[in-house]
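So for the sequence shown, our numbering puts the first residue at 420; every next one is plus one.
All C-beta atoms in this analysis are idealised placements derived from N, C-alpha and C, irrespective of residue type, glycine included.
Written out below as structure tokens is the structure these notes cover.
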Amino acid sequence: MSIVDVGAFYEQTEIMIPGPKVGLIIGKGGETIKQLQDRSGAKMTVVQDMSLGQEEEKPLRISGSSMSVEVTVHSRATASERKREADPHKGI
């Protein structure tokens, strides 16, 4: 994960998502990522590099106010931790 501070109130960070999990983040017709953006106030973009195979990790770029980025990153980390606790061999 990398965080770029491009202003006092604007941040951008990238979280690496396993290739097979990208569809879960985007959702059918983009519905899931749209809901995540609406809830957090952050803009999210999955960076699609055609040179990478479907199994390769893809960066999820999160940008917006410092608070919205922090909320999004924290929510994702919390969800991943819950999944790992339920099944330590899985998770995002």
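* To do: Reducing DSSP to helix, strand and coil, say where M486 ends up.
  => Numbered from 1 along the sequence shown, position 67 holds the residue referred to as residue 486. Helix.
* To do: Would you mind working out which of M463, I436, S470, E450 sits nearest E489, comparing C-alpha positions?
  => Position 70 of the sequence shown, counted from the start, is the residue given in the question as residue 489. Checking every option, the nearest Cα to that of E489 belongs to M463.
* Taking all protein chains shown into account, decide if V466 is buried (16 or more other Cβ within 10 angstroms of its Cβ) or exposed. => Counting from one through the sequence shown, the residue named residue 466 turns up at place 47. With fewer than 16 other Cβ atoms within 10 Å, it is exposed.
* Identify, in the order they occur along the chain, each residue of the same chain with its Cβ nearer than 8 angstroms to the Cβ of T451, setting aside the five sequence neighbours on each side. => Within the sequence shown, residue 451 is the residue found at index 32, counting from 1. The residues are L443, I444, I445.
* Helix, strand or coil at L471 according to DSSP, with G and I counted as helix -> Start at 1 with the first residue of the sequence shown, and residue 471 comes out as number 52. Correct three-state label for L471: coil.
* Asked: Among the residues of its own chain, which have a CB less than 8 angstroms from the CB of M435, if the five just before and after it don't count?
  -> Taking the sequence shown and counting its residues from 1, the one referred to as residue 435 is at position 16. The residues are M420, E476, K477, P478, L479.
* Should E430 go down as buried or exposed, given a rule of 16 or more other Cβ atoms within 10 Å for buried? -> Stepping through the sequence shown from its first residue, residue 430 is reached at position 11. Flag for E430 reads buried.
* From D468, G460, E474, L471, pick the residue whose C-alpha is nearest to that of M486; which is it? -> Along the sequence shown, read from residue 1 onward, the residue named residue 486 stands at position 67. Comparing Cα positions, the closest option is G460.
* Keeping to the same chain, check which residues put their C-beta closer than 8 angstroms to that of Q456; ignore five residues upstream and five downstream. => As a position in the sequence shown, residue 456 is number 37, starting the count at 1. Excluding sequence neighbours, Q456 sits near K462, M463.
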